[in-house]
Amino acid sequence: MTPAETATTAHRPLVEPAVAAGLLWVGSRLTMLALFFSVELTVWWDVYYYFTKVTNLPQAGLSGTLLEYPTPVVWLLQLPFLLGGGDQTAYVAVFMVMMGLLDAGLTVWLWRRGAGSHAAAYYWMVFTFLVGPLLYTRFDLIPSVLAAAALLLAVRIPAVSGGLVAIGAAIKLWPALLVAGLIGDRRRRPALWVGFGVTGVALVAASLLLGGWDRLISPLAWQGQRGLQIESVWATPAMVNVLAHPARYVIQISQYQAYEVFGPGVASMLTVASVATLVGGLAILALGARAWVSRGYDVHTGALVMTAVVAVMIITNKTFSPQYLVWLGGPLAVLVLTRGDRPRGSDRSLLVLGLVLALLTQLIYPGFYGWITEAGPGTGRTLMTLVLALRNIGMLAFTVVAFGRAWSALGSTAGRPAPGEHAELSDGA
């Protein structure tokens, strides 16, 4: 062996990076499955709920099925039913495999786009692992992956990017606002709007034709009628007060399939939440307007805008289901991917806080949810209520930082030509 060959061998890693990443992905996902089948089995309830609703679809009709979700969700949830032959166990398995394929697909995409750094793929793997098995038993992974894909395709295929945002909106409504993160290049805006508009109109038309007007707007009506979910930011004062005055409050599952709190001050906090939703909407519009008047920004800034939009949507809502945290994963992973030569600490607070929030959320649900919802006064309820309060305070801090970073990043290009001859939404990868 020549000296050159010896030196090459000496510097060769024991395990190829792609193999190591693959082993990490498989190992972390097997751990999630182990948690699922042992201490977190309750997270499969929603999949069973989907199965039950889809099974009863012929009797209830589209106008009476899964009214809390946009009409296309019913079509989506029929797919595992068809592939599973109508069997309940097969439905759960097929649903989880579908989510696993989405997870794996984005991991590989981030890895291949890493251009020498695979930090984004690793961040995605760690973030989703900290979310836990819930990742595979809700369909909130879909809008998160669609958001990441829209960012990754914004430069090369803006029409497809816009279409992906429209599909996300057809699943969860709120992703329509993520278009604010894609309008950084004026030359590509027409294609973006065509993709967004054509896809959106087609999905709305199909929903209206097959389900009718009442079914089209049913998710909005459903959301408007809901009470104060115990995990929401606005329920925090009531939940902390439960520790001091447990007899004054009732925590129970409502007709909206969520645990809600009832008692003194709750009506006021619902009003505050409604005002916060309005203020949050105005803040998102202001961020979108700032993006619109800019002469160009890159995908990194677009990811910051998307992160801020998602965070505002979460904290202003009177509900905060644990799966909402999944929405942040896609934009945060793209944030890592596109940071380029920016100072390494510029996004660190957001990225670290995102991981902490994911872990705390899994501890709350499904980890020790019963301590909050069913246990009486005692150490368990006190501890987990404080964890819940800490998570919500952390989410508020995350939102402030994300919005401030996005606003500042847009200001650095607003009213000025971007580097180069034209405004360019560069992917930075």
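Read in my numbering, the sequence shown has 641 at position 286, and its numbers run on one by one without any break. All C-beta atoms, glycine included, are put in the ideal place defined by N, C-alpha and C. Please read all numbers here as calculations on a predicted model, not as lab measurements.
Quick one: what's Q610 bridged to in DSSP?
-> For Q610, which the question treats as bridged, DSSP gives no partner whatsoever.
State buried or exposed for E371, treating a residue as buried only when at least 16 other CB atoms are found within 10 Å of its CB.
-> exposed
So A638 and F758 are in contact, right, with Cβ under 8 Å, and what is the actual spacing, rounded?
-> Right, the Cβ-Cβ distance comes to about 7 Å (below 8 Å), so this counts as a contact.
With 16 other CB atoms within 10 Å as the buried threshold, where does P686 fall?
-> buried
Are I526 and P435 closer than 8 Å when you measure CB to CB?
-> Not in contact: I526 and P435 (Cβ atoms no closer than 8 Å).
Run of the alpha helix (DSSP H) containing Y652, from where it starts to where it stops | Note, Y652: premise wrong, no alpha helix (DSSP H); not H, not E.
L571 to T420 span [Cα, whole Å] = Whole-angstrom Cα-Cα distance: 12 Å.
Outcome for L575 when other beta-carbon atoms lying within 10 angstroms are tallied against a minimum of 16 | exposed
Between the Cα of L712 and the Cα atoms of S472, L743, R511, which residue gives the shortest distance?
-> L743
Which word fits A622, buried or exposed, when buried means at least 16 other C-beta atoms lie within 10 angstroms of its C-beta?
-> exposed
With DSSP collapsed to three states, give me the class of F617.
-> strand
Cβ atoms of D495 and Q678: under 8 Å apart, would you say?
-> yes
Along the chain, where does the alpha helix (DSSP H) that runs through I522 open and close?
-> 513-527
Straight-line Cα distance separating T674 from V756 = 21 Å
Touching or not, the region 584-595 and the region 542-555, by the rule of three or more beta carbon pairs under 8 Å?
-> no
Whole-Å CB distance - D540 paired with G695, under 8 Å assumed | Their Cβ separation, rounded to whole angstroms, is 17 Å, which puts D540 and G695 out of contact at 8 Å.
N-terminal and C-terminal residue of the alpha helix (DSSP H) that W479 is part of | 474-486
Would you identify the three-state DSSP class for V605, choosing helix, strand or coil?
-> strand
Rank A389, T632, F392, V429 by C-alpha distance to the C-alpha of K408 and give the top, closest one.
-> Comparing Cα positions, the closest option is V429.
In the DSSP assignment, what are the bridge partners of Q584?
-> E615
Taking three-plus beta-carbon pairs below 8 Å as touching, is the region 716-725 in contact with the region 384-398?
-> yes
At what residue ranges does the region 414-439 contain a whole run of the alpha helix (DSSP H), taking only runs of 4 or more?
-> 426-438
In or out: S763 buried (at least 16 other Cβ within 10 Å) or exposed?
-> The residue in question, S763, is exposed, as its Cβ has fewer than 16 Cβ neighbours within 10 Å.
Report yes or no: do the region 529-539 and the region 654-669 share at least 3 C-beta pairs separated by less than 8 Å?
-> Short answer: they touch.
Report the residue from R544, Y403, R603, P530 whose alpha carbon sits nearest the alpha carbon of V447.
-> Y403
Would A359 be called buried (16 or more neighbouring beta carbons within 10 Å of its own) or exposed?
-> The predicted position of A359 is uncertain, since its pLDDT is 49 and thus under 50; no value can be drawn from it.
Buried or exposed: which applies to G517, given that a residue is buried once 16 or more other Cβ atoms fall within 10 Å of its Cβ?
-> Counting of Cβ neighbours within 10 angstroms places G517 among the buried residues, the total reaching 16 or more.
According to DSSP, is N747 helix, strand or coil?
-> helix
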